[in-house]
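In UniProt numbering, the protein residues as written are 428 to 705. Written below as structure tokens is the structure these notes are about.
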Ligand code: C2E
Ligand code: CA
Ligand code: CA
Ligand code: CA
């Protein structure tokens, strides 16, 4: 039996084995970061594409390894969802977003902050109360908080999700539909959920100058947003040419490396706000 057990390992390639190791390592780092509250949130500016003015910021979580290197969220968010750590992670990110928004508000340069919410966070009935509690703890008026959700997050418990979003919307929190145009886009979502913002997925922006179809889709989404009275944000603007094309199509707001990568809190403040760093 032992030999068989040992032989079994032959089915795993080295590559697969190192993937398993990697997973354990990341899980350990994530658990520790949550316990020690050392997860970081970086902020990426959102701009008005016409005036260039700052109109908001998106909070994006960051984890570091032992060598202080950043592990990107794509490498640990799915794992956080599988292990249930996403609840604690989401809570800490939410608090950091509210805390930053409160600071900026007090300093006289209010910035609406968008926090990314994973599908699983809705499975917690506490979700609405957590948001309310975070706003209360940080004395942040709800209008300065936005929640970014993907369509896959909305697909779970349709009615319950709508109920929660409606309550959040009623108290003044903005609801944003992330990565719009990818996944199982269903236009019925746009009527069913109390949405405020559509974020056009980066993939369309990336291709729009070379691929007329991508550009046509962006154009259609812009018209759709206008006619439904939804705010529109283009994601992943990397070049001046993309920016100009979006402007010509009538897109008002966007974010992307052309303006800035996501920045640590202090760098964001140094660059965008007329206040002293922490
Ligand atoms: P997302 O919500 O679609 O966030 C946008 C991602 O695009 C970010 O990657 C951002 O750094 C990147 N990005 C922004 N501008 C550009 C650009 O011009 N070019 C390119 N190539 N990329 C750009 P990031 O920070 O690695 O996050 C990846 C994903 O991880 C996010 O996608 C989001 O789905 C998830 N995520 C990040 N933070 C959180 C969090 O706190 N909670 C949850 N649940 N998910 C998060
Ligand atoms: Ca997002
Ligand atoms: Ca997105
Ligand atoms: Ca995404």
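By construction, the Cβ of each residue, glycine as well, lies at the ideal position given by its N, Cα and C atoms. A quick note: this is a predicted structure, and the numbers were derived from the prediction, not measured.
Name, in chain order, the residues that DSSP records as bridge partners for residue i.
i, result
"residue 484", "472 and 540"
"residue 659", "625"
"residue 547", "The partner list for residue 547 (beta bridge, DSSP) is empty, contrary to what the question assumes."
"residue 572", "540"
"residue 533", "Note: residue 533 sits in no beta bridge, so no partner."
"residue 489", "467"
"residue 607", "627"
"residue 691", "469"
"residue 517", "For residue 517, which the question treats as bridged, DSSP gives no partner whatsoever."
"residue 680", "475 and 660"
"residue 654", "DSSP, once it has assigned bridges, lists no residue as partnering residue 654."
"residue 601", "573"
"residue 498", "490"
Note down the Cα distance separating residue i from residue j, rounded to an integer number of angstroms.
i, j, result
"residue 645", "residue 632", "8 angstroms"
"residue 597", "residue 620", "12 angstroms"
"residue 691", "residue 540", "14 angstroms"
"residue 627", "residue 670", "13 angstroms"
"residue 467", "residue 520", "8 angstroms"
"residue 610", "residue 682", "21 angstroms"
"residue 700", "residue 537", "9 angstroms"
"residue 642", "residue 635", "4 angstroms"
"residue 450", "residue 504", "12 angstroms"
"residue 523", "residue 676", "35 angstroms"
"residue 622", "residue 531", "25 angstroms"
"residue 460", "residue 492", "10 angstroms"
"residue 525", "residue 600", "12 angstroms"
"residue 606", "residue 445", "31 angstroms"
"residue 557", "residue 593", "15 angstroms"
"residue 456", "residue 689", "22 angstroms"
"residue 624", "residue 463", "34 angstroms"
"residue 585", "residue 533", "37 angstroms"
"residue 587", "residue 662", "28 angstroms"
"residue 657", "residue 547", "25 angstroms"
"residue 545", "residue 517", "8 angstroms"
"residue 454", "residue 674", "42 angstroms"
So, is residue i buried or exposed, given that buried needs 16 or more other C-beta atoms within 10 angstroms?
i, result
"residue 469", "buried"
"residue 564", "exposed"
"residue 477", "exposed"
"residue 667", "exposed"
"residue 474", "buried"
"residue 650", "exposed"
"residue 615", "exposed"
"residue 696", "buried"
"residue 513", "buried"
"residue 583", "exposed"
"residue 652", "buried"
"residue 447", "exposed"
"residue 484", "buried"
Under the assumption that residue i contacts residue j (Cβ atoms under 8 angstroms), give the Cβ distance between them as a whole number of angstroms.
i, j, result
"residue 472", "residue 603", "Not a contact, Cβ separation roughly 15 angstroms."
"residue 481", "residue 500", "In fact, because the Cβ distance is near 23 angstroms, the residues do not count as touching under 8 angstroms."
"residue 542", "residue 571", "Actually they do not touch by this definition, with Cβ atoms about 11 angstroms apart."
"residue 554", "residue 580", "With a Cβ gap of about 11 angstroms, residue 554 and residue 580 do not count as contacting."
"residue 659", "residue 617", "Not confirmed; about 12 angstroms, so no contact."
Sorry if obvious, but does the Cβ on residue i come closer than 8 angstroms to a heavy atom of ligand 6?
i, result
"residue 685", "Among the ligands present in this structure, namely ligand 1, ligand 2, ligand 3 and ligand 4, ligand 6 is not found."
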